[in-house]
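The next block holds one structure in the form of structure tokens; read it before the comments.
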Amino acid sequence: MPKPTIDWFALSPSLALLAASALALLAAVLVPVVARRLVAALTAAAGFVAAGVFAGLLYSETPEPVLKVADAISRDRFSALAQIIIVGSGLVAVGISFGQRTRAEHIGEYYALLAAAGAGMVFLVQANDLMTLFLGLEWFSICLYIPCAIEIDLVSSLEAGLKYLVVGSFGSAVLLFGLSLIYGATGELQFGAIARELESQDLVNDGLVLAGLAMIIAGLSFKASAAPFHMWTPDVYEGAPTPVTAFMSAATKAVALVLAMRVLVTAFPAEEDLWTIAVAVIACASLAVGNVAALVQRNLKRMLAYSSVSHAGFMLIAVAANNDLGAKALLFYLIPYGAASLGAFAVVAARERELGERVTIDNVAGMGWERPLLGVSMWIFMLAFAGLPLTGGFVGKFYVFAAAYEAGRWWLVLAGVIGTAISLYYYLAVVRAMYMRMPEVRLAPVGGSPPREAVLQTSVVACLAVTVGSFFAVEPLIDLAEKAAAQLPL
Amino acid sequence: MNDWLATILIALPLAAALVVWLLPWSTQAAASLALLAALAEVGFWINALTRFDFGAGELQFEQQRAWFDDLGVSYHVGFSGISLWLVGMTVVVLAAAIAYAFWAGRDRPRAYFGLMLFLTGAVVGVFTAQDLLVFYVFFEAMLIPLYVLVGVWGGAGRLTATIKFVIYTMAGSLLMLAAIVVLGVQQGSFDLATASSDNDWVFLGFVVAFAVKAPLFPLHGWLPDAYRESSPEVAAVLSGVVSKAAGYGFLAIAVAKFPGPASDLQPLVLAIASAGLVYGSIVAFRAPDLRGVIAYSSLAQMSLITIGVFALNDLGSTGAVLQMVNHGLVSGVLFLIAGVVERRAATGDFARLGGMARGRPALATILMTTGVIALAVPGSTAFAGEFLILAGVFSEGWGWALVGAVAIVLAAMYMLRLISAVLHGQVGASVPDEALDLRPGELAVIAPLVACLLALSVWPAAVTDHLPF
């Protein structure tokens, strides 16, 4: 078997993050406790920045998509743009984590795992065959199980870690089974080759292929937390440390959806009549479940978890559109969605640290007036989730609807519209609590404000800038997304 | 093609809002700055009025910049003859509202005045947008400040009021978004100039959104709460200005861009509007309080305006525009007067009001004048507007005109009831003897609006002869 040539440049984002992860682990051993938090965080941040730079270079230096490393990974702009979104989320997640009172003896490992999870994600979006797909998926999943459970003094954190491990492994197992069925039916690992085999051997109605395809969609839906595969999401999002939740809600979802789009479009064009309907149904289920369940939540993290289920629904509409506009819509949607999601969890983290308890609709009462920056930011993030104008969320939804309509699925537009109308109730409930109710007793600590957290606030402001900026600067962003989408075989 | 005036009229208040929010102004400074910006806005509008070429009959002060090209969306604004008069009404009423808030004093002034300015920019944007998506953006952007203005500074029932208001309006406008997506993707462009369709469903998407915003019967569930719970100047803006976004939408989008569906569904819309007209007038006549009467009269007036628009002829449309301007000013004055009365009597209940005319000549004169104009006494500008609307719809069927004529009689009844319940009769239990007449500050806010109404009464042709119909 010939040794494949390795394009190190194509792998550079993963490698940068792996190096950062290794350095952070070393810091856990070599750096004295006082400086460990700072050094580990800086290392992880540097890793994300370096990965972002490499991903940016990959984007600009890849005018045509090429398959690398024995066709196991695809070097293209589609993955490069997804990588930029992922490492951006990672960087903000580091910023949110910095003030978290994680135990000092775990802090090095925490950042090392965060960087390693990022490495797995940026690797996964490049995956071009079934092996790299599964490898990448497990790589980042395992790296995330541990940070979920890192607060070992908290039962809820342990529970979240365990639940994520069990359900996540089940999802991976389903996916793996699906992959093996596809391999069994076609004898091919590489996405393009699978597509060709399906075509040439007339396997379109083959039982193995159909079962495999269904399992792949289910497995990826677990990761994207799309209904009905979302059961773990509220518990894990609620129990995990808030910075980890923030990272998961933005990056894991991005990876799962981008990957789903790539697999379905490159490996299963022959089955497109089937999977577009399946994905559309999952999208509608996610919109229904996510939005309705979010209505009754009091705990803010739980509410945001259900809201993330509904957003998986919106993005799956873009996948189901199966056209150029859909791919663009998905990539664009991820930008304001990721920013708003990270930002919202950052605000929750800030409130959590201030109060020392779980954040609910009740104990954010009056927060908007007490903490103007965080309050206004949270307000804008909620508007972005709800897709109101002056936030990129509006443009994202608009593109998703346009893509669905262009694909001839007007009923998906209607489903999205109904979902949005329901979602307004709970998003505005947060604003209402923050600005229109006054707490009966002042909840924030007496005797002055807690110390300002410059890093956290900077993260929030960065998210705010992206959320609002993506409304005004649509053209450059959509241009990036267009060039990326053009490299998919749509 | 590249005149900044429309953009200035939109951006000036938005920029002023940011300045008010971000810098640490004192109460007085924030309010003065807001008022200054609002007056500058009026100044720019007068500039637009003097420069507007009424003979040309096309868009003016136009500006267009690509926003996202691939779907054919662009930031495109400009003035039509209709926009010009509605923007004028908007900037005048909002300046009065801001001045009233300045005079009355509001908690958290920076947030409050910033939001009022933001609202001004958004409404002007709605009236000048020439791209469907830009129109939608401004249409929604109005909702954000209103939500907070009602929810934070409103009365005791404000939370319920805001929820109803937002859910109703958003449900309507999301249908409009779906319709815009369909229309725009079909056409490959979202520009208003080229938009046109024969699809009844797309047309209905727009109509429902506007019908909620106006509101039209039976989609008016949010109206009584929102108008009762807001502070008086916000209620004035809501009923006077924001509802006109719906009237404008009916006229400039629903009817102008969907000639086929509009004439197919004309009887349906006319029937709904007529029902609303009679219903609103009767409920206004039975309403127990000041704001109830104004709120439901607003419902009735918006129905009448819709009837004018859906007469689908020049006469009706002309009347509708004039009546939109009239009602904006009338409603503004009446809600501010309601605020004035509530400040003195701490209630708007007719049962506890009365006899306020004695010793309070300014209040009595202002309320009487506005009331008489509102009930469309011949010679008043409202008479001109309603006459044109009825004449327009008469050519579509005498039955519609008959309903309208009946409603005008009802309007006289509820207006006279309002006037007499506040001004005449026994001195009400809640009216203290020492309650003052209109203070100079209040008079300075309200009198200009009444002066505009009187000027229009003298010369309604100022509007009707200067429209593109």
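Residue numbers (this note's numbering), protein chains in the order written: chain B, 8 to 497; chain V, 46 to 514.
We put the CB at the ideal spot given by N, CA and C, even for glycine.
Bear in mind that the values here come from a model prediction, so they are computed numbers and not experimental data.
Between the C-alpha atoms of A267 of chain B and L64 of chain B there is a straight-line separation of about 24 angstroms.
Following the DSSP letters along the chain, one finds E441 of chain V in no beta strand (DSSP E), marked with neither H nor E. Residues are counted here when their Cβ sits less than 9 angstroms from a Cβ of chain V; for the segment 89–112 of chain B the count is zero.
Judged by DSSP in its simplified three-state form, E364 of chain B adopts coil rather than helix or strand. Leaving aside the five residues that flank P493 of chain V on each side, the residues in its chain whose CB is nearer than 8 angstroms to its CB run, in chain order, V137, A141. By the Cβ-count criterion, F99 of chain V is exposed, with fewer than 16 other Cβ atoms from all chains shown falling within 10 Å of its own Cβ. Among the residues of the segment 373–399 of chain B, those with a Cβ less than 8 angstroms away from any Cβ of chain V are W376, L390, L395, P396, L397, in the order of the chain.
Secondary structure at I127 of chain V: helix, using DSSP grouped into helix, strand and coil. Per DSSP, the unbroken beta strand (DSSP E) holding S81 of chain B starts and ends at 80–82. With a minimum length of 4 residues, the unbroken runs of alpha helix (DSSP H) contained wholly in the segment 156–205 of chain B fall at 162–193. From the beta-carbon of V354 of chain B, no residue of chain V is found nearer than 8 angstroms; the closest lies around 18 angstroms away. Put simply, of B:R378, B:F339, B:L341, B:L349 the residue whose alpha carbon is nearest the alpha carbon of R358 of chain B is B:R378. Within 10 angstroms of the beta-carbon of I434 of chain V lie 16 or more other beta-carbons, which makes it buried. Judged by DSSP in its simplified three-state form, F97 of chain V adopts coil rather than helix or strand. When the alpha-carbon of R110 of chain V is set against those of V:A167, V:Y120, V:S218, V:G404, the nearest one is in V:Y120. Cα atoms of G373 of chain V and V122 of chain V: separation of roughly 23 angstroms, rounded to the nearest angstrom. Per DSSP, the beta bridge partners of H121 of chain V are V:Q109.
Apart from the 5 residues on each side of it in sequence, S276 of chain V sits with its Cβ closer than 6 angstroms to the Cβ of W198 in its chain, given in chain order. The Cβ neighbour count for G88 of chain V, taken over all protein chains shown within 10 Å, is under 16; the residue is labelled exposed. Between M215 of chain V and chain B, the shortest Cβ-Cβ separation is below 8 angstroms. With a beta-carbon spacing of about 35 angstroms, F198 of chain B and A223 of chain V fall beyond the 8 angstroms limit used to define contacts.
Taking a beta-carbon distance threshold of 8 angstroms, L264 of chain V does not count as an interface residue toward chain B. Using a Cβ-Cβ cut-off of 8 angstroms, W112 of chain V counts as an interface residue toward chain B, since at least one Cβ of chain B sits closer than that to its own. In the DSSP assignment, D236 of chain V forms a beta bridge with V:D176.
In this structure, the beta-carbon distance from L177 of chain V to L237 of chain V falls below 8 angstroms. In this structure, the CA atom of A277 of chain B is about 7 angstroms from the CA atom of A202 of chain B. The residue from V:Y293, V:G266, V:F262, V:H265 with its alpha-carbon nearest to that of T135 of chain V is V:Y293. Within the segment 462–491 of chain B, the residues whose Cβ lies closer than 8 angstroms to any Cβ of chain V are, in chain order, V481, E482, I485, E489.
For K75 of chain B, the enclosing beta strand (DSSP E) covers residues 73–75. With the criterion set as a beta carbon lying under 8 angstroms from some beta carbon of chain B, the members of the segment 192–209 of chain V are Y192, V193, G196, V197, R203, L204, T207, I208, in sequence order. With respect to the 8 angstroms criterion, A340 of chain V and P269 of chain V are classified as neighbours on the basis of their beta carbons. In the three-state DSSP reduction, A134 of chain B falls in the strand class (E or B).
Counting only the Cα atoms, W130 of chain V lies some 7 angstroms from V508 of chain V.
The contact set of I212 of chain V on chain B, defined by CB atoms closer than 8 angstroms, consists of A428, L431, Y432 in chain order. Spatial neighbours of A167 of chain B in its own chain (CB-CB distance under 6 angstroms, excluding positions within 5 residues in sequence) are listed in chain order as C155, V243, G246, A247.
Within the segment 386–425 of chain B, the runs of alpha helix (DSSP H) at least 4 residues long that lie entirely inside it are, in chain order, 399–413.
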